[in-house]
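S.K.: Below is one structure. I have some questions about it.
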Amino acid sequence: MTEDSKVIERVLDGDSEAFNLLIRQWERPIYNFIVRMIGDRNEAMDLSQDCFMKAYRELHTLKDHHRFSSWLYRIAHNACLSQIRKNHGKTWVELDPELGAAESRPEDRLAVEKALGQLPPDQREAVILKVFQSLKFEEIAAIQDAPISTVKSRLYMGFEKLRAILG
Amino acid sequence: MAHLADKLADFFYEELPSAEMSEARRHLETCKECRFEVEQFERIHLTLRTVPELDPPRRVVFAPPERRSWLSWFEWRSAAAASAFAALLAGIVIGFSHVDYNRIVSEVHQADRAWLAVELNKRDEEIQRLRGELAYYENFQRTVMRETLENGSAIQLLAQRTISRR
Chain A
19 MTEDSKVIER
29 VLDGDSEAFN
39 LLIRQWERPI
49 YNFIVRMIGD
59 RNEAMDLSQD
69 CFMKAYRELH
79 TLKDHHRFSS
89 WLYRIAHNAC
99 LSQIRKNHGK
109 TWVELDPELG
119 AAESRPEDRL
129 AVEKALGQLP
139 PDQREAVILK
149 VFQSLKFEEI
159 AAIQDAPIST
169 VKSRLYMGFE
179 KLRAILG
Chain B
104 MAHLADKLAD
114 FFYEELPSAE
124 MSEARRHLET
134 CKECRFEVEQ
144 FERIHLTLRT
154 VPELDPPRRV
164 VFAPPERRSW
174 LSWFEWRSAA
184 AASAFAALLA
194 GIVIGFSHVD
204 YNRIVSEVHQ
214 ADRAWLAVEL
224 NKRDEEIQRL
234 RGELAYYENF
244 QRTVMRETLE
254 NGSAIQLLAQ
264 RTISRR
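Note that the protein sequences, when read in sequence, are chains A and B.
Using the numbering used here, you'd call the opening residue of the first sequence number 19 and step up by one each time.
Using the numbering used here, you'd call the opening residue of the second sequence number 104 and step up by one each time.
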């Protein structure tokens, strides 16, 4: 049994406080996924908060407790798509170049983030989940509710466009 | 083996079965074209990876809703028991009286009580939910205040250092 599934059983048995353990485990990856999807740090934080609240409310509907992370990413996926639809027409917000690790040049990081922002949401998501979140194709397919072959096509197309943009 | 083609990503992320992974490695030793494709793929992957992970600006705040107390449970049970007793009493009265009018009134009352019990239960649940939300917002407010104080102290410290360097 995975650590997540043990904690989920505790929460479902009435130990609601244990849900904080799941938050501590997943808040950073979920936040990073959302911020890369929508490009706005503050909106991403609010959406992360909403995702965990929704996950808590709907935890009893999760059938396979071993798939908590995919299920949580699926909630985040829905939140991102809804936000992207809401923000349609808004300019991609570039992240603060001074934030984060210092091993890459700020201008390079900005170029990459801007390039990511130019991909269609489904391709951007496939790239983010594979490259940054290191998920398996099978997990990404579950999150995107698409066949594995479609996920791979999105990744290839995303990489192609990034290659063209970044040179 | 044929070219990697649509198996390139599976190979790069090591999601091919081990036998196919070995076969793909052997193929790459001799196939310049596939090697080039893998290198291009790796280049984009590594370029993307230069973007660092971000720290969330604050923690996700969660305050679980309070559990229903034994007192409210007892009250609810008492109300239900009282309703059942009243219904039983009404049934006995009707049984003896054989008056249709009384039976109809009693049935209406029973239906009213059942409806009221359900409504009271809904109200209790709503109160519990609102208490949970209130606790969550109070917790959130405390976190924001604490972070504000921490940030204030850090700014003060930085200002002092800057002044002392001058």
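Where a beta carbon is used, it is the ideal one built from N, C-alpha and C, also for glycine.
The model shown is predicted, which means the values in this text are computed figures rather than measured ones.
Mind listing which residues of the stretch 74 to 86 of chain A have their C-beta closer than 8 Å to chain B's C-betas, in chain order?
M.R.: Here the close residues are Tyr74.
S.K.: For Pro159/B, which of helix, strand or coil comes out of DSSP?
M.R.: In this structure, Pro159/B counts as coil in the three-state DSSP scheme.
S.K.: Do Thr246/B and Arg161/B come within 8 Å of each other at the CB atom, strictly closer than that value?
M.R.: In this structure, Thr246/B lies closer than 8 Å to Arg161/B by Cβ.
S.K.: Candidates Glu140/B, Phe165/B, Ser125/B: which alpha carbon is nearest Arg42/A's?
M.R.: Nearest option by C-alpha distance: Phe165/B.
S.K.: Tell me, please, whether the CB atom of Pro120/B is closer than 8 Å to any CB atom in chain A?
M.R.: No, no contact with chain A.
S.K.: Under the rule that 16 or more other beta-carbon atoms within 10 Å means buried, what is Leu237/B, buried or exposed?
M.R.: Flag for Leu237/B reads exposed.
S.K.: Evaluate Phe51/A with the Cβ neighbour count: other Cβ atoms within 10 Å of its Cβ, from every protein chain shown; 16 or more gives buried, anything less gives exposed.
M.R.: The residue is buried, with at least 16 neighbouring Cβ atoms inside 10 Å.
S.K.: Express the C-alpha separation of Trp218/B and Met55/A in angstroms, rounding to a whole number.
M.R.: If you take the alpha carbons of Met55/A and Trp218/B, they lie about 47 Å apart.
S.K.: Would you kindly work out how many angstroms separate the C-alpha atoms of Val163/B and Ser167/A, rounded to a whole number?
M.R.: Cα-Cα distance, rounded: 35 Å.
S.K.: For a contact meaning CB atoms closer than 9 Å, what does Ala112/B contact in chain A?
M.R.: Those within 9 Å of Ala112/B in chain A are Lys148, Phe155, Lys170, Leu173, Tyr174, Phe177.
S.K.: In angstroms, rounded to a whole number, what distance separates the CA positions of Phe139/B and Arg269/B?
M.R.: Phe139/B and Arg269/B: Cα-Cα distance of roughly 56 Å.
S.K.: Quick one: is Thr251/B near chain A, going by C-beta distance under 8 Å?
M.R.: No, because no Cβ of chain A sits closer than 8 Å to the Cβ of Thr251/B.
S.K.: Smallest Cα separation from Glu123/B: which of Glu156/B, Glu136/B, Leu107/B?
M.R.: Answer by Cα proximity: Leu107/B.
S.K.: Could you give the DSSP three-state label for Lys135/B: helix, strand or coil?
M.R.: The answer is helix: DSSP assigns Lys135/B an H, G or I state.
S.K.: Under 8 Å between the Cβ atoms of Phe115/B and Glu145/B?
M.R.: For Phe115/B and Glu145/B, yes; Cβs fall inside 8 Å.
S.K.: Express the C-alpha separation of His95/A and Phe155/A in angstroms, rounding to a whole number.
M.R.: C-alpha separation (whole angstroms): 15 Å.
S.K.: How big is the Cα-Cα spacing for Gln141/A and Asp22/A?
M.R.: If I take the Cα positions, the gap works out to 29 Å.
S.K.: Take the Cβ of Glu35/A as the centre, count every other Cβ of all protein chains shown within 10 Å, and call the residue buried at 16 or more, exposed below.
M.R.: Exposed.
S.K.: Let me see if you follow: with CB-CB separation under 8 Å, is Ile41/A close to chain B or not?
M.R.: Yes, Ile41/A lies at the interface with chain B (some Cβ there is under 8 Å from its Cβ).
S.K.: State buried or exposed for Asn254/B, treating a residue as buried only when at least 16 other CB atoms are found within 10 Å of its CB.
M.R.: Per the 10 Å Cβ criterion, exposed.
S.K.: I'd like to know whether the C-beta of Glu131/A is nearer than 8 Å to at least one C-beta of chain B.
M.R.: It does: the Cβ of Glu131/A has a partner Cβ on chain B nearer than 8 Å.
S.K.: When you compare the CB of Gln244/B with every CB in chain A, is at least one pair closer than 8 Å?
M.R.: Not closer than 8 Å to any Cβ of chain A, the Cβ of Gln244/B fails to qualify, so no.
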